[in-house]
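Asker:
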Amino acid sequence: MIMNKAYYITAAGLAARGLSDLPDELVSSKHMIYSSPATLDFNSPGAKGFGVKRAGLVIPGSVMLLVSPGCCGRNTALLNELGYNEKFFYLLLDDTDIVTGRYLRRIPKACAAIVEELDYIPSAIMICVTCVDALLGTDMERVCRSCTEAAGVPCVPAYMYALTREKRLPPMGLARKTIYSLLKPQKRRSNECNILGFFSHLEDGCEIYELLHRAGIRQVREVGRCKTFEEYEQLSRANFNIVLNAEARAAAQDMQSRLGIPFVELVRLYRIDKIHNQYRLFAQAVGAQFDDGDFYDAALDTVNAFRAGHGALSFAVGECLNADSFELALALVEYGFKVAEIYGTVGERNFVFIKKLAEISPDTRIYSNLSPTMLGYERDIAIDCCIGSDAAYYHKDLPSVPFSEEEQPFGYRAVTLLFERLDKAVSNS
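In structure tokens, the structure reads:
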């Protein structure tokens, strides 16, 4: 069998072509998709981690009804190891169900049966549907209204539509919108805010908590920290929302229109100067002042100590990690390191980083994890360390930091954590 080499394009080459002329190999809709072990964390909205199924159960006290053919439900067993085995119920579809659509009449009955079977009243039933209903054009909002009436508890849709992964509102964007849809208007508190963007909470040491407290915000809520449905309901008391992930923008917009809660959007960055500037602009937007000098200095000291101890290492940066691959790569180059390779999905949001990389690191190679040509990947360039579990898959012999834990890093704390873990990985190797 003749194996072609893995396709890549340099940062300079990609910047010269522009966003409107991406190579076909970097556009997943123009080729077969290679689902390698490197991509299993993110390629499917039903995959491990916080896929649609697990994300839908972030609402405390909720359960899920999975309506699908058996093939779509099989990977749910992976979540049993995390203690979700009593949260899932199944309505499996056969060929006749799909052809005739008769299963739609069974969904309300199934929801009622779930409530009867449980020895407690769930706060909500998440009805997870798959590409079958995407292709059939099922009106799930209408189905859920019937289910709510039959079961006596709120029923809301969770769309596991892999077909819409590259649409304006992808599955995980819809999932974020859904989990806040049960909130109802109540009196807002001027000294409370919410952090939106992730299904788990921020890492406890993140400085944003301290900065908000210094600014007079006494209560900072996140859905990932809600233990009860009552705590979840208090999210609608916030004076404003802070969106830390663009996929939560639709959820924030919905909360603004339904609950009257405005939002401000921040970006996860790894360039310290940009973090400082973002906090400055954020403080202006909320009418406060942030003194972030101590956090700035701590993060910069960690970066400088790592570079002094290990030199100008060459990195491979993946996309299965808590960062934007291209922004992180740009940060590393600006800190004086080298980035040999990036495995990432190119889009409008991160093309600006590619153009800047082209100026200061034009030979950095850009690969697509989803390209079938990655079957033929072989390292032929000097790399010292990897960041991201996908990069580690391609370079099993090199020190690596997955940096994909569920507690989310952000701000200066993210920079500090990353370089502390890099120092440990490189030193131990």
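Numbering (the numbering used here), first residue to last: 9 to 437.
No residue lacks a Cβ here, since even glycine has one placed at the ideal position from N, Cα and C.
1) Taking the beta strand (DSSP E) that Met148 belongs to, which residues open and close that run?
2) CA-CA distance, Val311 and Val275?
3) Just list the alpha helix (DSSP H) runs in the stretch 359-419, keeping only unbroken ones of 4 residues or longer that don't cross its boundaries, in chain order.
4) Pull up the distance between the alpha-carbon of Gly213 and that of Glu335, whole angstroms please.
5) Can you tell which of Gly344, Leu252, Pro380 and Leu99 has the C-alpha that lies nearest to the C-alpha of Ser37?
6) Assuming Leu99 and Ala120 form a contact by the criterion Cβ under 8 Å, report the distance between their Cβ atoms to the nearest whole angstrom.
7) According to DSSP, is Glu335 helix, strand or coil?
8) Whole alpha helix (DSSP H) runs in the stretch 163-248 with 4 or more residues, listed along the chain?
9) Taking the beta carbon of Asn51 as the centre, do at least 16 other beta carbons fall within 10 Å, making it buried, or is it exposed?
10) Would Pro165 and Met180 be called neighbours here (beta carbons separated by less than 8 Å)?
11) Going by other Cβ atoms of all chains shown within 10 Å of its Cβ, with 16 needed for buried, is Arg184 buried or exposed?
12) DSSP puts Leu100 in a beta bridge; with which residues?
13) Which residue's Cα is closest to the Cα of Ala132: Glu356, Leu277 and Ala159?
14) Determine the direct distance from the alpha carbon of Phe207 to that of Gly93, and round the result to whole angstroms.
15) Assuming contact is defined by CB atoms lying nearer than 8 Å, are Leu308 and Val341 in contact in what I supplied?
16) Is it true that the CB of Leu204 sits closer than 8 Å to the CB of Val251?
17) If you reduce the DSSP assignment to three classes, tell me which class Ala55 lands in.
18) Going by alpha carbons, who is nearest to Ile41 out of Thr353, Phe361, Glu215 and Ser437?
19) Determine the burial state of Thr138: buried for a count of at least 16 other Cβ atoms within 10 Å of its Cβ, exposed for fewer.
20) Suppose the cutoff is 6 Å on Cβ atoms and the five residues either side in sequence are ignored; what does the same chain contact list for Arg229 look like?
21) Exposed or buried, which one is Asp392 when buried takes at least 16 other CB atoms within 10 Å?
22) With DSSP as the reference, label Met1 as helix, strand or coil.
23) Residue range of the beta strand (DSSP E) that Ala24 falls in?
24) Which value, in whole angstroms, describes the spacing of the CA atoms of Phe303 and Tyr343?
25) Taking the alpha-carbon positions, what's the Gly319 to Glu33 distance?
26) Between Val140 and Ser43, is the Cβ-Cβ spacing less than 8 Å?
27) Should Arg387 and Val409 be called a contact, given that it needs their Cβ atoms to be closer than 8 Å?
28) Using C-beta distances below 7 Å, list every residue in its chain close to Pro162, excluding the 5 sequence neighbours before and after it, in chain order.
29) Give the DSSP-derived three-state secondary structure of Lys13 in the structure shown.
30) Taking the C-alpha atoms as reference points, what is the distance between Ala5 and Lys363?
31) Mark Val413 as exposed unless 16 or more other C-beta atoms lie within 10 angstroms of its C-beta, in which case mark it buried.
32) For Leu73, does the count of other Cβ atoms within 10 angstroms reach 16, so buried, or fall short, so exposed?
33) Do you know how far the Cα of Val35 is from the Cα of Asp29?
34) Taking the straight line between their C-alpha atoms, what separation do you get for Arg266 and Ala259?
35) Count the other CB atoms, across all protein chains shown, that sit within 10 Å of the CB of Ala339; report buried if there are 16 or more and exposed otherwise.
36) Keeping to the same chain, check which residues put their C-beta closer than 7 Å to that of Arg421; ignore five residues upstream and five downstream.
Answerer: Quick look at the numbers:
1) Careful: Met148 lies outside any beta strand (DSSP E), inside the alpha helix (DSSP H) at Met148 to Ala159.
2) 20 Å
3) 359-368 and 397-402
4) 22 Å
5) Pro380
6) Contact flag wrong, Cβ pair sits at about 12 Å.
7) helix
8) 179-187, 215-222 and 237-241
9) The pLDDT assigned to Asn51 is 42, lower than 50, so where the model puts this residue is not dependable, and the model offers no usable value.
10) no
11) buried
12) Ser76
13) Ala159
14) Looking at the sequence shown, residue 93 is not Gly but Asn. Cα-Cα distance, rounded: 19 Å.
15) no
16) yes
17) With a pLDDT of 43 at Ala55, under the threshold of 50, the modelled position of that residue is not reliable, and the figure given next carries that caveat. Note: Ala55 maps to coil in three-state DSSP.
18) Thr353
19) buried
20) Asn202 and Leu243
21) buried
22) Residue 1 lies beyond the range of the chain shown here (9 to 437); nothing can be said about it.
23) Taken as a continuous stretch (DSSP letters only), Ala24 belongs to no beta strand (DSSP E), being part of the alpha helix (DSSP H) at Ala19 to Arg25.
24) 17 Å
25) 34 Å
26) no
27) no
28) Ala132, Thr156 and Leu190
29) coil
30) This structure cannot speak to residue 5, because the chain is shown only from 9 to 437.
31) Note that residue 413 is Glu in the sequence shown here, rather than Val. With fewer than 16 Cβ atoms within 10 Å of its Cβ, Glu413 is classed as exposed.
32) buried
33) 10 Å
34) 10 Å
35) buried
36) Glu211, Gly213, Cys214 and Glu215
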